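**Student:** Once you've had a glance at the structure underneath, I'll fire off some questions.
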Amino acid sequence: MRRIAVVGASAAGLAAAETLRREGYDGTLTLVGDEPHAPYDRPPLSKQILAAEWDTDRLPLRTPDHLGGLGLDLRLGTAATGLDLGAREVRLAGGSTVPYDGLIVATGVRPRRLPGAGAHVLRTLDDTLALRERLTPGRRLVVVGAGFLGAEAAAVAWRLGAKVTLLEPAPVPLAHAVGEDVGAVLSRTHLDHGVNLRTGVTVTEVTENGVLLADGEVIEADEVLVAIGSRPNTEWLADSGLNVGDGVLCDQFCEAARNVYAAGDVARWHNPLFGTSMRIEHRTNAAEQGMAAARNLLDPQTRKPFSPVPYFWSDQYDMKIQAYGYLRGHDEVAVVEGDLAERKFVAVYRTGEKVTGALAVGMPPKAIRQWRQAIASGAVWRETVTA
51 MRRIAVVGAS
61 AAGLAAAETL
71 RREGYDGTLT
81 LVGDEPHAPY
91 DRPPLSKQIL
101 AAEWDTDRLP
111 LRTPDHLGGL
121 GLDLRLGTAA
131 TGLDLGAREV
141 RLAGGSTVPY
151 DGLIVATGVR
161 PRRLPGAGAH
171 VLRTLDDTLA
181 LRERLTPGRR
191 LVVVGAGFLG
201 AEAAAVAWRL
211 GAKVTLLEPA
221 PVPLAHAVGE
231 DVGAVLSRTH
241 LDHGVNLRTG
251 VTVTEVTENG
261 VLLADGEVIE
271 ADEVLVAIGS
281 RPNTEWLADS
291 GLNVGDGVLC
301 DQFCEAARNV
311 YAAGDVARWH
321 NPLFGTSMRI
331 EHRTNAAEQG
341 MAAARNLLDP
351 QTRKPFSPVP
361 YFWSDQYDMK
371 IQAYGYLRGH
381 DEVAVVEGDL
391 AERKFVAVYR
401 TGEKVTGALA
411 VGMPPKAIRQ
421 WRQAIASGAV
431 WRETVTA
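Have a look at this one:
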């Protein structure tokens, strides 16, 4: 294997490239990215960068000298447009190709959008800077979608003095992921800070003056941010023969086809720890999966299943939210420490007979770390969680 291509100059793609070099691979290593920027960190975009607390020079994941030391064939500002598995070639915009013996797909996701023009999204550095420029005191901002990204942006906009309206189709934001009681606690925080949170409403279109709701109501706004989820960047693989659906479909080793692996937000793989297929859009998972995919590609004889306990965090107002595990599809939630009303608590999640998730708000890291170990060991609920 003398030629390896990593498509996606993302956290996952960079972690894969670094791991390949660290494990001794000395062949041609091509890293392709559709943005002109070198790999950078995305979580601060909706927090420190949007709030203008950080300069953009804090975002790059590595220094130019470090990247140079990896000996990469670096192709930035160039999108992948196709894949030929038989010829083992990645097609690039402009007509050039990248041959490979091994391939790692790390092309991430892109934001879902609504009909109409003029709305902001938050995925890239350029997206964030465009919105930040418009968030002046008194500016009316409508945020469509009260998931973690929309909630973080709403909190920052409020702090910058904007008048924020947060719209969510579900009765309780995030209930599908964290449960209704926890979702209600997180929702009340917006109301307590003066954000106009409206639930059970559906936005059908972005207009020149704001947004149009399904019932015909128009909510006026100076700026609109759409934060209604994402789509995996798999269109360039449509005719490749890879199995794609909600992401690049992989086995437990992150392999999608012979010598073709996927990592990061675009990868849907079977996680044997939870016994289910999942696609995780979290920064920590991206780096860990990039490393795992690289090792498995480089040495198939010793490859290991990728079975992490996913981790994510969110900062909203004065709340620090941390979570381990796979919370979606849970059967039960129990508060095992603290109090929901005080917004200082640890909630634990059951799926089937096992502890599968834990979420903490306003608690020190040590309060939730023990639950990570319980999840990783497959702890039985009735033996671990006391009523």
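In this text, residue positions in the sequence shown follow our numbering: the first is 51, and each later residue adds one.
From the three backbone atoms N, C-alpha and C, an ideal C-beta is built for every residue, glycine too.
Quick caveat: nothing in here was measured; it's all calculated off a predicted structure.
Please report how far the alpha carbon of residue 163 lies from the alpha carbon of residue 234, in whole angstroms.
**Tutor:** When rounded, the distance between both Cα atoms is 26 Å.
**Student:** Would you check if the distance between the CB atom of residue 408 and the CB atom of residue 379 is smaller than 8 Å?
**Tutor:** Cβ atoms of residue 408 and residue 379: not closer than 8 Å.
**Student:** Check the C-beta distance from residue 160 over to residue 280 and give it rounded, since I have them as a contact under 8 Å.
**Tutor:** Indeed, because the Cβ distance is near 6 Å, the residues count as touching under 8 Å.
**Student:** How is residue 243 classed by DSSP in three states: helix, strand or coil?
**Tutor:** Looking at residue 243 - three-state DSSP - the assignment turns out to be coil, as it is neither helix nor strand.
**Student:** Using 10 angstroms around the beta-carbon of residue 288, count the other beta-carbons present and answer buried if the total reaches 16, otherwise exposed.
**Tutor:** The residue is exposed, with fewer than 16 neighbouring Cβ atoms inside 10 Å.
**Student:** Check residue 98 in the structure and name its three-state DSSP category.
**Tutor:** DSSP places residue 98 in coil when its eight states are reduced to three.
**Student:** Based on the DSSP output, what are the partners of residue 404 in its beta bridges?
**Tutor:** DSSP lists 401 and 430 as partners of residue 404.
**Student:** Give the list of continuous alpha helix (DSSP H) stretches no shorter than 4 residues that lie fully inside the region 169-246.
**Tutor:** Taking only runs of at least 4 residues, the alpha helix (DSSP H) segments lying wholly in the region 169-246 are 175-182, 198-209, 225-228 and 230-242.
**Student:** What's the C-alpha gap between residue 155 and residue 316?
**Tutor:** Each residue's alpha carbon lies about 8 Å from the other.
**Student:** Between residue 313 and residue 176, what straight-line distance do the alpha-carbon atoms span, to the nearest angstrom?
**Tutor:** About 24 Å.
**Student:** Determine the direct distance from the alpha carbon of residue 94 to that of residue 105, and round the result to whole angstroms.
**Tutor:** The alpha-carbon atoms of residue 105 and residue 94 are separated by roughly 11 Å.
**Student:** For residue 199 and residue 367, I'd like the C-alpha separation in whole angstroms.
**Tutor:** So the alpha carbons of these two residues sit roughly 13 Å apart.
**Student:** Quick check: what's the CA-CA separation for residue 75 versus residue 84?
**Tutor:** When rounded, the distance between both Cα atoms is 24 Å.
**Student:** How would you label residue 360, buried or exposed, when you count the other beta carbons within 10 angstroms and need 16 or more for buried?
**Tutor:** Per the 10 Å Cβ criterion, buried.
**Student:** Residue 144 to residue 80, Cα distance in whole Å?
**Tutor:** If you take the alpha carbons of residue 144 and residue 80, they lie about 17 Å apart.
**Student:** Helix, strand or coil: which one does DSSP assign to residue 112?
**Tutor:** Of the three classes helix, strand and coil, the one that applies to residue 112 here is coil, per DSSP.
**Student:** Nearest by alpha-carbon distance to residue 124: which of 59, 135 and 134 is it?
**Tutor:** Residue 124 has its Cα closest to that of 59, out of 59, 135 and 134.
**Student:** Name the DSSP beta bridge partners of residue 370, please?
**Tutor:** The partner list for residue 370 (beta bridge, DSSP) reads 365.
**Student:** Count the C-beta pairs between the region 336-348 and the region 56-71 that are closer than 8 Å, then say yes if the count reaches three, no if not.
**Tutor:** A contact exists between the region 336-348 and the region 56-71.
**Student:** Within the continuous beta strand (DSSP E) that includes residue 321, where are the two ends?
**Tutor:** Counting along the chain, the beta strand (DSSP E) containing residue 321 begins and ends at 317-321.
**Student:** Just reading off the alpha helix (DSSP H) that residue 326 is part of, what are its end residues?
**Tutor:** Run containing residue 326: none in the alpha helix (DSSP H); it sits in the beta strand (DSSP E), 326-328.
**Student:** Who are the near neighbours of residue 77 in its chain, counting only those whose CB is closer than 7 Å to its CB and skipping five residues on each side?
**Tutor:** Hits under 7 Å: 51, 52, 53 and 54.
**Student:** Rounding to the nearest angstrom, what Cα-Cα distance links residue 393 and residue 100 in this structure?
**Tutor:** Their Cα atoms are separated by approximately 25 Å.
**Student:** Using the C-alpha atoms, what's the distance from residue 391 back to residue 332?
**Tutor:** Approximately 28 Å, taken between the alpha carbons.
**Student:** At the level of alpha carbons, what is the spacing between residue 328 and residue 264?
**Tutor:** Cα to Cα, the separation comes out at about 32 Å.
**Student:** Just to check my reading of the structure: residue 14 and residue 278 have Cβ atoms closer than 8 Å, yes? What is that Cβ distance to the nearest angstrom?
**Tutor:** Residue coverage of the chain in this structure runs from 51 to 437, which leaves residue 14 outside it and unanswerable.
**Student:** Apart from the five residues just before and just after residue 417, which ones in its own chain have a Cβ nearer than 7 Å to its Cβ?
**Tutor:** These residues qualify, in order along the chain: 387, 396 and 410.
**Student:** Counting C-beta neighbours from all protein chains within 10 Å, is the total for residue 414 16 or more, i.e. buried, or is it exposed?
**Tutor:** When all chains shown are included, residue 414 counts as exposed.
**Student:** What first and last residue would you give for the alpha helix (DSSP H) that runs through residue 338?
**Tutor:** Its alpha helix (DSSP H) spans residues 333-348.
**Student:** Could you tell me which of 309, 373 and 260 sits nearest to residue 351, measuring between CA atoms?
**Tutor:** It is 309 whose Cα lies nearest to the Cα of residue 351.
**Student:** Tell me which residue opens and which closes the alpha helix (DSSP H) that residue 53 is part of.
**Tutor:** Not the alpha helix (DSSP H): residue 53 falls in the beta strand (DSSP E), residues 53-57.
**Student:** So, with DSSP's three-state summary, where would you put residue 424?
**Tutor:** It is helical.
**Student:** Look at residue 273 and residue 184 and say whether their C-beta atoms are less than 8 Å apart.
**Tutor:** Yes. Within cutoff.
**Student:** How about residue 289: is its Cβ closer than 7 Å to a heavy atom in the ligand FAD?
**Tutor:** For the structure depicted, the ligand FAD is absent and the ligand set is empty, with no information on it obtainable.
**Student:** How would you label residue 223, buried or exposed, when you count the other beta carbons within 10 angstroms and need 16 or more for buried?
**Tutor:** It is buried - the Cβ of residue 223 has at least 16 other Cβ atoms within 10 Å.
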